[in-house]
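J.:
Protein chains: 2
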Amino acid sequence: MTLPLGEAIRRAFEQRILSGALKPGVRLPTEQEIMAEFGCSRMTVSKALTALAGAGLIERRKRAGTFVARPRVHSMVLEVPDLAALVAARGQTYRFRLDRRERAVASEGHLAGQPVLHLTGVHFADGTAMAFEDRTVSLAAVPEIAAADLAAEAPGTWLLHHVPWTEADNRITAVATSSAEARLLDVAEGAPCLCVERRTWRGDAPVTSVRQLFVAGSYELLAHFGPGGAA
Amino acid sequence: MTLPLGEAIRRAFEQRILSGALKPGVRLPTEQEIMAEFGCSRMTVSKALTALAGAGLIERRKRAGTFVARPRVHSMVLEVPDLAALVAARGQTYRFRLDRRERAVASEGHLAGQPVLHLTGVHFADGTAMAFEDRTVSLAAVPEIAAADLAAEAPGTWLLHHVPWTEADNRITAVATSSAEARLLDVAEGAPCLCVERRTWRGDAPVTSVRQLFVAGSYELLAHFGPGGAA
DNA sequence: GTGCGTATAATGTCTATACATTATAAAATC
DNA sequence: GATTTTATAATGTATAGACATTATACGCAC
Numbered sequence: 275m276t277l278p279l280g281e282a283i284r285r286a287f288e289q290r291i292l293s294g295a296l297k298p299g300v301r302l303p304t305e306q307e308i309m310a311e312f313g314c315s316r317m318t319v320s321k322a323l324t325a326l327a328g329a330g331l332i333e334r335r336k337r338a339g340t341f342v343a344r345p346r347v348h349s350m351v352l353e354v355p356d357l358a359a360l361v362a363a364r365g366q367t368y369r370f371r372l373d374r375r376e377r378a379v380a381s382e383g384h385l386a387g388q389p390v391l392h393l394t395g396v397h398f399a400d401g402t403a404m405a406f407e408d409r410t411v412s413l414a415a416v417p418e419i420a421a422a423d424l425a426a427e428a429p430g431t432w433l434l435h436h437v438p439w440t441e442a443d444n445r446i447t448a449v450a451t452s453s454a455e456a457r458l459l460d461v462a463e464g465a466p467c468l469c470v471e472r473r474t475w476r477g478d479a480p481v482t483s484v485r486q487l488f489v490a491g492s493y494e495l496l497a498h499f500g501p502g503g504a505a
Numbered sequence: 275m276t277l278p279l280g281e282a283i284r285r286a287f288e289q290r291i292l293s294g295a296l297k298p299g300v301r302l303p304t305e306q307e308i309m310a311e312f313g314c315s316r317m318t319v320s321k322a323l324t325a326l327a328g329a330g331l332i333e334r335r336k337r338a339g340t341f342v343a344r345p346r347v348h349s350m351v352l353e354v355p356d357l358a359a360l361v362a363a364r365g366q367t368y369r370f371r372l373d374r375r376e377r378a379v380a381s382e383g384h385l386a387g388q389p390v391l392h393l394t395g396v397h398f399a400d401g402t403a404m405a406f407e408d409r410t411v412s413l414a415a416v417p418e419i420a421a422a423d424l425a426a427e428a429p430g431t432w433l434l435h436h437v438p439w440t441e442a443d444n445r446i447t448a449v450a451t452s453s454a455e456a457r458l459l460d461v462a463e464g465a466p467c468l469c470v471e472r473r474t475w476r477g478d479a480p481v482t483s484v485r486q487l488f489v490a491g492s493y494e495l496l497a498h499f500g501p502g503g504a505a
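So the protein lines, in turn, are chains U and L. The first sequence begins at 275 in this note's numbering and counts up one residue at a time. The second sequence begins at 275 in this note's numbering and counts up one residue at a time.
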């Protein structure tokens, strides 16, 4: 397990920072000095420091040097799985029931003024209602969806497989179910639900906006922060 | 705005992948071929591909080549702000009321068996209860907290300022308030709350675990996916 | 055919060097 | 003294090459 030199340098400084040996705001050695300490070339040092900067542990300033970053807000990586895949992974049977499908012109939101397909339906896991979904898809951005069989494949899954997006934002809240929603999800009115509202774009063009209501207990969002981010 | 060459290469392939020109599973050109296409050295290509691999867009396999990653789960960047800073940013007055503070030995969870400080309290925005917090802090990992004035600074804020962590995971759910929680938050029993459970580590050492209950409507989590990821 | 070794093509890491960029510090000017 | 200019020290990007590593593919023996 001979660690690559660059990785060794990265870890060495990570260690020094996390142990408190190097405190926030303190300037760390110049790349030249680190080269000398580890007996390697500057590129190797630079790569290690670039990785640490990417992880938010240090801040690099030209001419001034490299400094231990002050602890800021942490950004976590939120996993947003495809519902069909998630349910299948739990060993349950997934089904989506499409309740409504109609063309319209969006009157509000980021799709306002565009011809859209308006879809509502319910996600089931082993026959139990798990989530209610209200989705609007731009027919300008995704004309192919007009011909899609959305009874066979849920709109979210279909979109995932057919339309890559470049940008998305999510709003995650807790809400109480309305009476209509409670009926669809087979829970008591006012029962707590996790609400995810997502809007997506492909470049500048809005693609879809969706509001998903998850029955409490049937679903949880997981987010992670860690070395490399992808770990 | 002359883009650095490596960044130009990164964007070019990001574009080709997101636009669908390069589909999941497809092999992209070898580093040699990309060198030729952009007229640059292999290190530059490699750096660009390493960045894309870090973002999860591609997968690199020795001997085999580089492939467009299959769209697994979408990874969004979740902002986890400090509550005190968040409330202040909304122009409201923040206060934390510490209700309980006691030493114990954790009996469960990732801190099990360790001496810990057990803390509960309520976050207020302009005098209105916003969130209930139940936190356990490892005294082994953070001995300094024994001497901290947690009435002046909420535990989360104190930890953010004093103890960097390297790893964290979060579980986000919706729950109904218990009667005790409802009383503390001044809401009806069973009212929906956004529940965030977070565990953090410094290296291998567990640092803290916390359960925060946010009154519905008082708080929302925001996550974003966009070009660059680090942008 | 089946299994095993070996060649090989691709990525992974590193070096030594060069020049670009830029924020700071020092010097020159007003 | 205040302002502007210039020098400089640090990071930022890139090159061209070298060798390491490793999964695949091919060929050979059985």
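Yeah, the Cβ is synthetic: ideal placement off N, Cα and C, and Gly gets one too.
Which stretch, first to last residue, makes up the alpha helix (DSSP H) that contains residue 335 of chain L?
T.: Element bounds for residue 335 of chain L: not the alpha helix (DSSP H) but the beta strand (DSSP E), 332–335.
J.: Answer yes or no: does any C-beta atom of chain L fall closer than 7 Å to that of residue 467 of chain U?
T.: Yes, contact with chain L.
J.: What residues are listed by DSSP as bridge partners for residue 368 of chain L?
T.: L/399
J.: Buried or exposed: residue 350 of chain L, going by 16 or more other Cβ atoms within 10 Å of its Cβ?
T.: buried
J.: Compute the Euclidean distance between the alpha carbons of residue 368 of chain L and residue 427 of chain L, then round it to the nearest angstrom.
T.: 10 Å
J.: Please compile the residues from chain L whose C-beta is within a distance smaller than 7 Å of the C-beta of residue 350 of chain U.
T.: Ordered by position in chain L, the residues that pass the 7 Å Cβ test against residue 350 of chain U are 352, 354, 442, 444.
J.: Can you give the Cα-Cα distance for residue 316 of chain U and residue 279 of chain U, rounded to whole angstroms?
T.: Looking at the two C-alpha atoms, the distance is approximately 12 Å.
J.: Pairs of beta-carbons, one from the region 481–495 of chain U and one from the region 395–412 of chain U, closer than 8 Å: are there three or more?
T.: Taking 8 Å as the limit for Cβ pairs, the verdict is that the region 395–412 of chain U does touch the region 481–495 of chain U.
J.: So is residue 478 of chain L buried or exposed if we call it buried at 16+ other beta carbons inside 10 Å?
T.: Residue 478 of chain L should be labelled exposed.
J.: Less than 7 Å between the C-beta atoms of residue 471 of chain U and residue 457 of chain U, yes or no?
T.: no
J.: For residue 343 of chain U versus residue 332 of chain U, is the C-beta distance shorter than 7 Å?
T.: Residue 343 of chain U places its beta carbon less than 7 Å from that of residue 332 of chain U.
J.: Starting from residue 344 of chain U, follow the alpha helix (DSSP H) in both directions and report where the run begins and ends.
T.: Element bounds for residue 344 of chain U: n/a, residue is neither H nor E.
J.: Would you mind working out which of U/487, U/423, U/296, U/439 sits nearest residue 450 of chain U, comparing C-alpha positions?
T.: U/487
J.: Any idea if residue 387 of chain L is buried or exposed, counting beta-carbon neighbours within 10 angstroms, 16 or more meaning buried?
T.: exposed
J.: So, is the C-beta of residue 449 of chain L closer than 7 Å to a C-beta in chain U?
T.: yes
J.: Can you list, in chain order, the residues of its chain whose CB lies under 7 Å from that of residue 380 of chain L, leaving out five sequence neighbours each side?
T.: 386, 387, 388, 390, 410
J.: In the DSSP output, what is residue 339 of chain L paired with across the bridge?
T.: L/335
J.: Could you give the DSSP three-state label for residue 318 of chain U: helix, strand or coil?
T.: helix
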